[in-house]
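Participant:
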Amino acid sequence: MIKCVATDMDGTLLDAKMQVSQENKKAIEAAQAQGVEVVVATGRSYFEARFALDEADIHCPVICINGAETRDPEGNIVEQAFLPVDQALEVYSMLKKAGLYFEIYTDQGTYTDDYEKALDIMVDIYLSGYTDLSPEQLREEAKKRFDIGLLYLVDSYEPVIREGKHSIYKFLAYSFDEEKLEKASGLLERIPELAISSSGSENIEITHTDAQKGTALERFIESKGIRLEETMAIGDNLNDLSMLQKAGVPVAMENANPQVKQVCSYVTDLNDESGVASAINRFILGEQVSSFHSPSLKQK
Numbered sequence: 045m046i047k048c049v050a051t052d053m054d055g056t057l058l059d060a061k062m063q064v065s066q067e068n069k070k071a072i073e074a075a076q077a078q079g080v081e082v083v084v085a086t087g088r089s090y091f092e093a094r095f096a097l098d099e100a101d102i103h104c105p106v107i108c109i110n111g112a113e114t115r116d117p118e119g120n121i122v123e124q125a126f127l128p129v130d131q132a133l134e135v136y137s138m139l140k141k142a143g144l145y146f147e148i149y150t151d152q153g154t155y156t157d158d159y160e161k162a163l164d165i166m167v168d169i170y171l172s173g174y175t176d177l178s179p180e181q182l183r184e185e186a187k188k189r190f191d192i193g194l195l196y197l198v199d200s201y202e203p204v205i206r207e208g209k210h211s212i213y214k215f216l217a218y219s220f221d222e223e224k225l226e227k228a229s230g231l232l233e234r235i236p237e238l239a240i241s242s243s244g245s246e247n248i249e250i251t252h253t254d255a256q257k258g259t260a261l262e263r264f265i266e267s268k269g270i271r272l273e274e275t276m277a278i279g280d281n282l283n284d285l286s287m288l289q290k291a292g293v294p295v296a297m298e299n300a301n302p303q304v305k306q307v308c309s310y311v312t313d314l315n316d317e318s319g320v321a322s323a324i325n326r327f328i329l330g331e332q333v334s335s336f337h338s339p340s341l342k343q344k
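For the sequence shown, the positions run 45 to 344 when the working numbering is used.
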């Protein structure tokens with residue numbers, strides 16, 4: 045019996061327009077009505093996650109920033125896992141030398157040191173989903189991150205890190221040069237107690253080893269008296285692997301990275317087809333979902 049559902053956001057719970065479908069909302073509420081604990085596990089900051097969840101009027105705990113922070117349904121911080129200052133400075137220096145654009149996620153918000161680059165990156169990412177909007181319209185959408193306080197501009201990252209007033213949760217580095225990202229990732233892996241993951245082919249995410257979705261999910265369900273065997277996790281990308289590998293019922297989206305499908309027992313529908321609802325309907329509500337299947341790439 046499934047007692048907890050943990051779902052990723054981007055590429056999973058959210059469609060290409062970064063919204064929660066009515067089907068997904070309805071399924072989540074039906075699961076909650078049966079006493080199932082639903083938790084969102086995302087690479088987003090809490091405020092970016094809540095922005096999308098509030099639009100859909102969904103209330104649940106949130107594992108944020110790949111597990112660096114866990115908040116209850118009221119937004120109170122339950123747990124944190126951040127990078128020590130020396131470690132954060134080392135990551136900062138390495139990313140600068142690699143020539144990568146990156147943003148820093150902290151307990152007081154997300155920061156960029158390049159306004160135009162931040163907009164350019166978001167427009168490029170949005171273009172893969174917002175096919176009906178022009179680059180100019182997408183740029184206006186990207187500006188909203190600044191307008192509503194989801195992203196702050198600073199002259200330099202060094203004071204943010206050195207002054208010790210912020211808990212540094214994550215570095216999110218972007219590039220559409222995969223070789224450049226792979227090289228930086230290889231160098232970062234030499235730093236002890238770092239977790240290197242990705243939420244898309246254009247980025248790498250750097251957190252403390254304690255800040256991983258799987259680790260945070262395990263602590264979360266333990267606090268609720270739920271076992272891993274009673275937990276279903278749903279995801280699509282590499283930063284979901286740690287929770288998919290721990291959950292008793294790991295489900296990949298149809299649009300998932302092939303590596304994700306390899307570790308999952310089931311594949312649900314596309315994120316644009318409310319795949320989260322299909323998984324909940326199948327395992328929680330006991331409905332027959334014809335599109336649900338085992339992954340062809342699953343390792344034997």
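All C-beta atoms, glycine included, are put in the ideal place defined by N, C-alpha and C.
Hey, out of Ala228, Lys224, Ile205, Ala162, whose CA is closest to Leu197's CA?
Facilitator: Closest option to Leu197, Cα to Cα, is Ala162.
Participant: For Val320, does the three-state DSSP call read helix, strand or coil?
Facilitator: helix
Participant: Are Val84 and Val106 touching if we call contact CB-CB under 7 Å?
Facilitator: yes
Participant: Could you give the C-beta distance for Lys209 and Tyr149, rounded to a whole number, given that I count them as a contact under 8 Å?
Facilitator: Between Tyr149 and Lys209 the Cβ distance is about 15 Å, and since that is not below 8 Å, they are no contact.
Participant: If I follow the unbroken alpha helix (DSSP H) through Tyr145, where does it start and stop?
Facilitator: Element bounds for Tyr145: not the alpha helix (DSSP H) but the beta strand (DSSP E), 145-150.
Participant: Please classify Ala228 as buried or exposed, where buried requires at least 16 neighbouring CB atoms within 10 angstroms.
Facilitator: buried
Participant: What distance in whole Å lies between the Cβ atoms of Tyr159 and Tyr201, which are believed to be in contact at a cut-off of 8 Å?
Facilitator: Their Cβ separation, rounded to whole angstroms, is 14 Å, which puts Tyr201 and Tyr159 out of contact at 8 Å.
Participant: Starting from Gln256, trace the beta strand (DSSP E) in both directions and tell me its first and last residue.
Facilitator: Looking at the DSSP string, Gln256 is not in any beta strand (DSSP E), and its letter there is neither H nor E.
Participant: Would you say Gln256 and Gly111 are within 7 Å of each other, going by their C-beta atoms?
Facilitator: yes
Participant: State the Cα-Cα distance for the pair Glu266 and Lys290, rounded to the nearest angstrom.
Facilitator: Taking the straight line from one Cα to the other gives about 13 Å.
Participant: Note down the Cα distance separating Ser338 from Thr275, rounded to an integer number of angstroms.
Facilitator: 18 Å
Participant: Ordered along the chain, which non-local residues of its own chain (more than five positions away) have a Cβ less than 7 Å from that of Ile248?
Facilitator: Ala217, Leu225, Ala228, Ser229, Ile240, Ser242
Participant: Can you name, in chain order, every residue of its own chain whose Cβ lies under 7 Å from the Cβ of Phe327, other than the five neighbours on each side?
Facilitator: Ile46, Met276, Val293
Participant: Shortest alpha-carbon distance to Phe126 belongs to which of Ile278, Ile205, Pro302, Tyr310?
Facilitator: Ile205
Participant: Should Gln343 go down as buried or exposed, given a rule of 16 or more other Cβ atoms within 10 Å for buried?
Facilitator: Because Gln343 carries a pLDDT of 41, less than 50, the predicted location of this residue cannot be relied on, and the following value inherits that uncertainty. Classification for Gln343: exposed.
Participant: Along the alpha helix (DSSP H) that carries Gln332, what are the first and last residues, could you check?
Facilitator: That residue, Gln332, is in no alpha helix (DSSP H); it is neither H nor E in DSSP.
Participant: Comparing C-alpha positions only, which one of His252, Gly244, Asp221 sits nearest to Met233?
Facilitator: In the sequence under discussion, the amino acid at residue 233 is Glu, which differs from the Met named in the question. Of the candidates His252, Gly244, Asp221, the one whose C-alpha sits nearest the C-alpha of Glu233 is His252.
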